[in-house]
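To keep things clear, I will list the structure first and then write my remarks on it.
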Amino acid sequence: MLDEKEAKDLLNFLKLDMRPDLKGQATEYILGLTGNKDGCKYLGTKPALLKAVLALTRDPSVAVVKDCYHTLINLSADPVAHQALIKEANVLPPLLHNLLDPGYIFADQICTILTNLSRNKETCREVLRAIQDEGVGLAQIVEVFCTEGYNEKASLHYLGPLLSNLTQLPEARSFILDKDRCVIQRLLPFTQYESSAVKRGGVVGTLRNCCFDYSCHEWLLSDAVDILPFLLLPLAGPEELSEEENEGLPVDLQYLPEDKRREKDPDIRNMLIETLLLLTSTKAGRQILKKKNVYPIMREFHKWEKEPDVMVSCEKLVQVLIGDEPETGMENLMEVNIPEDVEKKFQALDVEEQKQIEKEREELLKSEAEEKAEAGSSEAKRECSGEALAR
Amino acid sequence: MASQTQNEPDDDCMDEFMDKFTTQKYKGGFNEKTWEEEFEKVPMFMKKAPEVIDPVKNPELACLQSIIFSDDTPLEEQATTYKNEGNDYFKEKKYKQAIASYSEGLKKKCGDTELNAVLHTNRAAAQFHLGNFRSALNDALAAKKLKPDHQKAIIRGALCLVELKKYSEAISWCDEGLRADPKEKKLLELRLQADQLRRAWERDARKSKLKEKKKQCEEAALLKAIKDRKIKLFAPAKAQRRSSDDEEDEEGVSGALAELSLDGISSENATGARVFLDESGSLNWPVLFLYPECGQTDFISAFHEGTRFLDHLTVMFSEELPPWDTERKYRPQDLQLYFADEEREEVYQVNPEHTLLEVLKHDRYFIKAGTANFIVLVKGSSFCKEFLSDKKVHRLKRTT
């Protein structure tokens with residue numbers, strides 16, 4: 001990488017009072033370094049450079065600040081630099097303070113950095129601790145998340161995935177699931193937030209993580225929270241159900257208009273179904289889902305769905321909904337002990353299933369490509385009949 | 001009372017005063033018989049204050065009142081007194097008086113924002129209990145403006161908004177209050193309630209929209225079926241004018257069917273029966289049979305278009321002849337059916353072996369007021385000859 005002298009020179013150029021053109025070149029250079037793994041690794045050993053970059057986020061030139069933030073984003077994407085960023089360069093406090101400034105132009109970049117940092121569990125703990133220690137608090141983050149137009153210059157959609165990452169920690173989950181507060185209830189409507197798949201995905205990820213704690217399933221499914229409709233609405237379509245089926249559904253799912261569209265993103269659809277599956281792990285949960293007519297919704301969904309892995313998840317859910325109750329002792333699917341040989345068999349089956357899904361996905365892509373080619377070729381035929389087809 | 005020299009306000013004077021009672025009776029006491037009433041009049045011992053204080057009957061009370069409400073006392077004190085007065089009325093559920101007291105307190109315009117916020121909030125509560133939700137909301141808003149963190153004002157405002165069915169606003173008020181105190185139980189409960197009500201209301205809106213749309217579809221299908229069969233509807237001139245004005249409104253069907261309006265098929269018959277399209281896609285009409293000879297009618301509310309007249313007539317006149325048929329001559333095989341072309345004042349004979357649809361398709365047949373009318377006469381009767389004598393009659397062609 002750089003030798004000692006070069007590193008020292010570079011550090012010199014990364015000062016607030018440096019000539020703008022040199023400063024600009026220096027920040028561009030560092031950004032270039034972060035483009036590959038070696039560069040990131042190198043910078044992870046140079047906390048002085050990182051501190052300089054952080055300091056330059058206060059530079060009056062927007063171009064310089066932008067490069068600095070992009071540098072930090074790239075570095076945060078690679079765990080190799082995490083410790084240096086957090087411990088030695090101490091990036092979290094200034095980042096968090098600027099995050100909540102409603103006029104801060106680079107708030108979105110900060111969200112991305114924090115989301116990257118919180119991906120793996122260790123650094124996530126640091127991020128959560130900083131949130132609590134720096135007087136920011138999870139409550140404020142949720143508040144800002146739920147406030148449309150909080151920052152005119154930044155969408156703050158990446159607060160969604162940030163929350164989702166934070167909820168891999170039990171402390172974050174217990175705040176979101178606090179029965180004496182109104183936190184999770186405020187997040188629920190965002191499963192249908194049309195303007196951003198990132199925000200939607202973040203919320204659904206958060207809800208899925210929260211559902212790993214099966215002790216609060218009954219509360220989540222009760223009127224106090226009523227999580228079920230918000231998980232089902234993105235999966236429900238405009239198909240007309242019979243009056244009888246409608247009346248048995250949760251209120252929010254009754255009489256949906258004919259322009260109702262399902263969730264566009266297949267990964268989010270899959271996460272929603274995974275969350276529903278988690279809710280079926282207790283007997284009480286299964287009974288509630290059966291009683292509230294989840295099956296007709298999933299039935300229509302299955303007819304509509306094309307992605308193989310989402311269909312598989314859907315089938316698993318449907319199986320639980322229409323299948324018999326498991327034997328006594330096995331009612332809580334999360335607590336069942338699976339013997340080792342059976343576990344191995346399941347793993348082998350999973351591998352098989354995965355192969356099958358891959359195959360089907362390839363076939364799907366192939367047939368879609370063929371369709372496009374056919375459509376293209378038939379049009380070309382119209383234009384230049386009989387001659388060689390244009391592409 | 002015993003006179004007292006002003007220059008001797010000391011124990012001797014007091015002793016002298018007291019000694020008098022050993023010899024003279026005290027004159028200023030209560031009357032033995034009416035002592036309870038008189039007791040009630042002494043301000044200190046009153047159980048209940050009179051609604052209106054009459055300075056003549058209750059001089060002591062009037063005096064006290066003028067002290068309390070004197071213009072000399074500072075405004076805050078006066079306002080506080082009114083507040084307390086209002087609170088007392090409130091406890092006794094006398095909400096109108098409570099409101100009056102609070103209003104007086106606010107009129108003082110004392111500079112104490114906290115006090116004024118409380119006056120507004122309390123008045124809001126009193127208004128709320130009288131069912132004046134808008135006024136209550138205005139007071140809650142005023143209180144909140146003075147003191148944005150006044151939780152009671154926020155709770156009251158949210159309660160009003162729920163009563164006024166403004167659920168989304170109620171929820172955002174609750175959220176505002178919860179920002180200050182995230183665990184405030186009343187706000188949590190209220191938010192939950194408002195949210196549930198809002199979602200139920202949205203469902204009701206969706207349900208009625210769907211029903212409305214379905215109804216419109218059915219109406220359109222019905223009018224199309226009639227038009228496809230080329231059946232003509234005769235709407236009275238008044239209604240036609242009305243319907244041309246209504247052509248622009250959303251309930252009207254598409255341009256192509258504009259000349260057919262619902263007025264043409266809405267019926268004026270007593271039962272309100274109307275033509276409808278059944279599950280097999282057939283029209284069923286309300287049909288009126290007229291028996292001008294006897295001044296009688298028979299009404300069939302749903303005559304399937306594929307049924308022959310003869311089938312109905314056989315059923316109507318088979319077993320028992322109607323009581324008005326005094327001559328016992330209305331037998332199915334002797335009946336003749338006609339319909340009137342009112343425009344041309346002509347009459348057409350109807351073949352009873354034809355179905356309703358075949359007759360309705362006749363190019364001189366018009367459905368009037370949503371009901372198909374037919375005249376029934378007895379073949380060869382004198383009434384029949386007379387009835388048809390002054391009209392042009394189009395008879396059925398005989399098959400030989």
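In order, the protein sequences belong to chains Z and W. Every letter in the first sequence is one number past the one before it in the numbering used here, and letter 204, counting from 1, is 204. Every letter in the second sequence is one number past the one before it in the numbering used here, and letter 34, counting from 1, is 34. Idealized CB from N, CA, C, for every residue including glycine. Note that the structure is predicted; figures quoted are calculated from it, not measured.
Assumed close pair residue i, residue j - CB separation to whole angstroms, cut-off 8 angstroms
i: W:F128; j: W:A136; result: 4 angstroms
i: W:A407; j: W:A140; result: What the structure shows of chain W is the stretch from 1 to 400, and residue 407 of chain W is not part of that stretch, so it cannot be assessed.
i: Z:P257; j: W:R206; result: 6 angstroms
i: Z:L220; j: Z:L169; result: Their Cβ separation, rounded to whole angstroms, is 19 angstroms, which puts Z:L220 and Z:L169 out of contact at 8 angstroms.
i: W:G111; j: W:Q151; result: 22 angstroms between Cβ atoms; not a contact.
i: Z:S196; j: Z:S164; result: Z:S196 to Z:S164, Cβ: 14 angstroms. No contact.
i: W:E305; j: W:T355; result: 6 angstroms
Reduced DSSP secondary structure (H/G/I, E/B, other) of residue i
i: W:L233; result: strand
i: W:T371; result: strand
i: W:T23; result: helix
i: W:R308; result: strand
i: W:L119; result: helix
i: W:T34; result: coil
i: W:K47; result: coil
i: Z:E379; result: With a pLDDT of only 46 at Z:E379, under the threshold of 50, the placement of this residue in the model should not be trusted; the figure read from the coordinates follows. The answer is helix: DSSP assigns Z:E379 an H, G or I state.
i: W:V42; result: coil
i: Z:H82; result: helix
i: Z:F212; result: coil
i: Z:F106; result: coil
i: W:Q240; result: Below a pLDDT of 50, predicted positions are generally treated as unreliable, and W:Q240, at 43, falls in that range; no measurement from the model is reported.
i: Z:Q168; result: coil
i: Z:V127; result: helix
i: Z:P398; result: No answer is possible for residue 398 of chain Z: it lies beyond the span of chain Z, which begins at 1 and ends at 391.
i: Z:M271; result: helix
i: W:W201; result: helix
i: Z:I297; result: helix
i: W:Q196; result: helix
i: W:K94; result: coil
6 angstroms CB neighbourhood of residue i in its chain, flanking five on each side removed
i: W:I300; result: V287
i: W:A62; result: I53, P55
i: Z:N151; result: P102, A107
i: W:K385; result: none
i: W:G105; result: A79, Y82, K83, L119
i: Z:D265; result: A197
Paired residues, beta bridge with residue i - DSSP
i: W:D298; result: W:F289
i: W:A340; result: W:V347
i: W:L283; result: W:L277
i: W:K392; result: W:E346
i: W:T355; result: W:R308
i: W:V378; result: W:L335
i: W:F366; result: W:K232
i: W:F303; result: W:W285
Residues near residue i by beta carbon distance below 7 angstroms, same chain, minus five either side
i: W:N58; result: K41, P50
i: Z:Q192; result: L233, P234
i: Z:R286; result: T280, V320
i: W:D249; result: Confidence at W:D249 is low in this model, with a pLDDT of 41, below 50, so the placement of that residue is unreliable and no value is reported for it.
i: Z:L100; result: V136, Q140, V144
i: Z:Y392; result: One cannot answer for residue 392 of chain Z here, as it falls past the ends of chain Z, which runs 1 to 391.
Sequence-distant residues of its chain with Cβ nearer than 8 angstroms to residue i (five each side left out)
i: W:P182; result: none
i: Z:F13; result: L22, K23, Q25, A26
i: W:N122; result: K83, G86, N87, F90, A98, Y102
i: Z:D259; result: P238
i: W:K238; result: Only weak support exists for where W:K238 lies, its pLDDT of 43 falling under 50; the coordinates are left without a value.
i: Z:L10; result: L2, A26, Y29, I30, L49
i: W:R241; result: With a pLDDT of only 43 at W:R241, under 50, the local geometry of the prediction cannot be trusted, and the value read off the model is given with reservation. Cβ within range, chain order: n/a, list empty.
i: Z:N332; result: Y214, S281, T282, K283
heavy atom of the ligand GTP below 7 angstroms from residue i C-beta
i: W:I300; result: Absence of the ligand GTP from the depicted structure is noted, as is the absence of any ligand whatsoever, leaving it without description.
8 angstroms Cβ cutoff, residue i in contact with chain B
i: W:A221; result: The structure shown has no chain B; the protein chains it does contain are Z and W.
Evaluate the contact criterion for the segment 18-30 of chain Z versus the segment 39-53 of chain Z: three or more CB pairs, one atom per stretch, below 8 angstroms. yes
Stretch pair the segment 368-384 of chain W + the segment 326-334 of chain W: three plus CB contacts closer than 8 angstroms: yes
Indicate whether the contact test is met: 3 or more Cβ pairs, each with one atom in the segment 33-44 of chain Z and one in the segment 66-80 of chain Z, closer than 8 angstroms. yes
Any chance the segment 194-211 of chain W sits against the segment 324-331 of chain W, with 3 or more Cβ pairs inside 8 angstroms? no
Validate contact between the segment 354-369 of chain Z and the segment 305-321 of chain Z using beta carbons, cut 8 angstroms, 3 pairs: yes
Below 8 angstroms, can you find three or more Cβ-Cβ pairs linking the segment 211-231 of chain Z to the segment 214-226 of chain W? no
Below 8 angstroms, can you find three or more Cβ-Cβ pairs linking the segment 176-184 of chain Z to the segment 197-212 of chain Z? yes
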